[in-house]
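Heads up: the structure comes next, in structure tokens.
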Amino acid sequence: MSLGWKWFIEYQTPHSAHMHGIKGVIYSGRSRMQSIDIVDSCEYGKMLILDGKVQSTTRDEHFYHEALVHPTMIAHPRPERILIIGGGEGGTLREVLRHPTVKRAVMVDIDIEVVKNSKTHMPELSRGAFDDDRAELVVGDGRRFVEGCRSRFDVVIVDVTDPLEGGPAQLLYTKEFYEGIKRILGEDGIVVTQATSVYYSAYCFATIYRTVESALGRAGGYQAWIPAYDSMWGFVYGTKGPDPRVLSENEVDDRLVKRGIRDLKFYEGATHRALFTLSKELKTIIKDAAVATDRNPTFMPI
Ligand code: SAM
Numbered sequence: 161m162s163l164g165w166k167w168f169i170e171y172q173t174p175h176s177a178h179m180h181g182i183k184g185v186i187y188s189g190r191s192r193m194q195s196i197d198i199v200d201s202c203e204y205g206k207m208l209i210l211d212g213k214v215q216s217t218t219r220d221e222h223f224y225h226e227a228l229v230h231p232t233m234i235a236h237p238r239p240e241r242i243l244i245i246g247g248g249e250g251g252t253l254r255e256v257l258r259h260p261t262v263k264r265a266v267m268v269d270i271d272i273e274v275v276k277n278s279k280t281h282m283p284e285l286s287r288g289a290f291d292d293d294r295a296e297l298v299v300g301d302g303r304r305f306v307e308g309c310r311s312r313f314d315v316v317i318v319d320v321t322d323p324l325e326g327g328p329a330q331l332l333y334t335k336e337f338y339e340g341i342k343r344i345l346g347e348d349g350i351v352v353t354q355a356t357s358v359y360y361s362a363y364c365f366a367t368i369y370r371t372v373e374s375a376l377g378r379a380g381g382y383q384a385w386i387p388a389y390d391s392m393w394g395f396v397y398g399t400k401g402p403d404p405r406v407l408s409e410n411e412v413d414d415r416l417v418k419r420g421i422r423d424l425k426f427y428e429g430a431t432h433r434a435l436f437t438l439s440k441e442l443k444t445i446i447k448d449a450a451v452a453t454d455r456n457p458t459f460m461p462i
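For the sequence shown, this note's numbering gives the first residue as 161, with consecutive numbering after it.
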């Protein structure tokens, strides 16, 4: 009996997976960096998959992109100069540009094929962000960009693929990388990175937390449920200035109103408070975690 769809299986660990019913394939190819698939999924609409890992879907991408961008952008008093590393599909750039304080948003992605195919087949994600006068797209390795960068940024957002052994983002979760980011952050600067699943790769999340803390001195973590990832997803920030964790519900709501940011679908003051509640178990794992270095990077289980 044909179900009328096929199954795409995404592994979280060697013995745990999330099955997605797929109605059809919109694009499938391989760039110099990774495999790129854009499919029409039954549950989540269009879905971008890189090297077999779900990146964004048209149904639930706002959970991820609003959780990644707004806590640090709203915590910074005047975020004007923004660096996005990764972010190929354009959702992160779109959310950054909502802030009227932003004068320049530089996005550095290693793979122009992801940007091109996302613009063609999933324009709902960038929604014209790449055409904004404040946006500047650089095609290149984020690590190399940071090492050669002479500019200064108020907020750096690292939205690269997961730390997979041999993957293009392998060296963008190490102490040396975050020390480079610290150098290009302004005096009040904040960096935030996606930090993998706080459950299926809890140790990887905890290692990223300790690694950012070792480079920036002050760090924190938060989490949001991302349906298409079938997991509570972790985010880690390091700060030379304000700490997003201390913002009250009212302060977040007041700042959103002051900046004219109204039509968010996931993030507001009450959500902000909830994001920063990590479990006791996770805090213990963080305490005992190691620091990742170029010689000893951290990886997801699969
Ligand atoms: N939301 C996704 C997630 O949390 O896994 C990530 C979004 S985006 C699709 C990830 C982007 O990181 C891709 O476009 C990929 O090309 C880019 N990327 C991977 N390694 C990179 C590197 N070394 N420098 C710059 N961009 C990189």
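Each residue gets a CB set at the ideal place from its N, CA and C atoms; glycine is no exception.
Spatial neighbours of residue i within its chain, please: CB distance less than 7 Å, with the 5 preceding and 5 following residues excluded, ordered by chain position.
i	result
L468	Lying before the first or after the last residue shown, residue 468 is absent from the chain, which here runs from 161 to 462.
D454	L331, T334, E336
T431	none
Ignore the nearest five residues each way along the sequence and tell me which others in residue i's own chain have a CB closer than 6 Å to its CB.
i	result
D467	This structure does not reach residue 467, given that the chain is present from 161 up to 462, and the question cannot be answered.
D390	H178
L424	E226
E409	G429, A430, R433
Y187	I198, N277, H281
Please say whether residue j and residue i have beta carbons closer to each other than 9 Å?
i	j	result
I446	Y369	yes
M392	V358	yes
H230	Y397	no
T321	L210	yes
K183	H281	no
A349	V299	It is Gly, not Ala, that sits at residue 349 in the sequence shown. Contact: no.
V275	F290	yes
V412	I234	yes
R294	R264	yes
V516	E307	A query on residue 516 cannot be resolved here, the shown segment of the chain reaching from 161 to 462 and no further.
T367	A450	yes
K342	K400	yes
F365	L257	no
A329	G246	yes
T232	E284	no
R287	G250	yes
T436	G377	The sequence shown places Phe at residue 436, rather than the Thr named in the question. The answer is no: Cβ separation not under 9 Å.
Measure from the alpha carbon of residue i to the alpha carbon of each residue in the options, then state which is nearest.
i	options	result
S216	D197, M233, L424, H230	D197
S195	E273, R258, L435, V417	E273
P461	D448, E373, G326, S439	G326
S191	N277, Y360, E339	N277
E255	E441, G377, H222	H222
V262	S188, L208, D292	D292
T173	N410, W167, L324, I386	L324
A434	Y187, P283, P404, L257	P404
I386	V185, L208, D220, R422	D220
F305	F168, Y338, P283, E284	Y338
D448	D414, Y363, G246	Y363
A375	A384, P402, S361, G340	G340
S361	W167, V406, A388, T458	T458
Could one say the Cβ of residue i lies closer than 9 Å to chain B's Cβ atoms, at least one of them?
i	result
G205	Of the protein chains in this structure there is only one, and it is not chain B.
For residue i, I'd like the list of residues in its chain whose CB is within less than 8 Å of its CB, leaving aside the five on either flank, ordered along the chain.
i	result
G420	P260
R312	R241, I344, L345, G346, G349
I202	The displayed chain sequence assigns Cys, not Ile, to residue 202. W165, H180, G181, I182, K183.
How about residue i: is its Cβ closer than 8 Å to a heavy atom in the ligand GDP?
i	result
L297	Only the ligand SAM can be found as ligands here, which leaves the ligand GDP out of the picture.
Inset, instruction - Output the residue ranges of the alpha helix (DSSP H) runs that lie fully inside the segment 208-250 and measure 4 residues or longer, sorted by chain position. - result: 221-235
Legend entry - Start-end ranges of the alpha helix (DSSP H) lying completely within the segment 263-322, minimum 4 residues: 272-281, 283-286, 302-308
Legend entry - Every unbroken beta strand (DSSP E) inside the segment 355-405 [3 residues or more]: 379-386, 391-399
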